[in-house]
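What follows is a short report on a single structure.
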Amino acid sequence: EKKDKKAEEDNVYIYGLFIEGGQWDYDLEMLVEAKLRVLNYIMPPFKVQVISNEEFKERFDNNSYYKAPLFKISLRDALRFDDECFIMEIPLKISDTTSPKFWLKRST
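Printed below as a string of structure tokens:
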């Protein structure tokens, strides 16, 4: 039980994120296509857990997830984009009718 409590203490919830190029379906709990002419959508809060690279690859390196990049600023607002703007990847569940490449091409 101590290990579970310690693991829970290492978790962080982040909120106030927006996504461009797609939208979050709250009912299906997955990334879906955005409505026409809507540039960004608010995302649900995310629980960020500390896991090893091996566990991350084991759980999320497949075509069921798109690893969405998280940036400090909107790419549409950036005058100059560099690696300093990148924070981390967030694995988002996707439909089996799309692939990670589909979302990458949309700059999601």
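At position 48 of the sequence shown (counting the first as 1) the number is 64 in our numbering, and the numbers step up by one without a gap. Even glycine gets a Cβ: it sits at the ideal position worked out from N, Cα and C.
### Query
How would you write the range of the alpha helix (DSSP H) that Leu33 sits in, first residue to last?
The residue labelled residue 33 in the question sits at position 17 within the sequence shown. Per DSSP, Leu33 belongs to no alpha helix (DSSP H) and is neither H nor E.
### Query
Is the number of C-beta pairs between the segment 102-116 and the segment 72-80 that are closer than 8 angstroms three or more?
Enough Cβ pairs lie closer than 8 angstroms, so yes.
### Query
Whose CA, out of Phe76, Phe87, Ser90 and Ser80, lies closest to the CA of Thr114?
Taking the first residue of the sequence shown as position 1, residue 114 is located at position 98. Looking from the CA of Thr114, the closest CA among Phe76, Phe87, Ser90 and Ser80 belongs to Ser80.
### Message
Please state the DSSP three-state secondary structure of Glu100.
### Response
For the purposes of this step, residue 100 is taken as residue 84 along the sequence shown, with counting starting at 1. Helix at Glu100.
### Query
Are Leu33 and Ile110 close, meaning C-beta to C-beta below 9 angstroms?
Position 17 of the sequence shown, counting from 1, holds the residue named residue 33. Position 94 of the sequence shown, counting from 1, holds the residue named residue 110. Cβ distance not < 9 angstroms, so Leu33 and Ile110 don't count as in contact.
### Message
Within a Cβ cutoff of 7 angstroms, which residues of the same chain sit near Tyr31, ignoring the five residues on either side of it in sequence?
### Response
Position 15 of the sequence shown, counted from the first residue, corresponds to residue 31. Counting only Cβ-Cβ distances below 7 angstroms, and skipping sequence neighbours, we find Pro61.
### Message
Please state the DSSP three-state secondary structure of Leu86.
### Response
Within the sequence shown, the letter at position 70 stands for residue 86. Strand at Leu86.
### Query
For Cys101, is the beta carbon positioned less than 8 angstroms from some heavy atom of the ligand MG?
Absence of the ligand MG from the depicted structure is noted, as is the absence of any ligand whatsoever, leaving it without description.
### Query
Using a Cβ-Cβ cut-off of 6 angstroms (strictly less than) and excluding sequence neighbours within five positions of Arg122, which residues of its own chain qualify?
For this step, residue 122 is matched to residue 106 along the sequence shown. Its chain contains Gly37 as the residues whose beta carbon lies nearer than 6 angstroms to that of Arg122, once the 5 sequence neighbours on both sides are disregarded; these appear in chain order.
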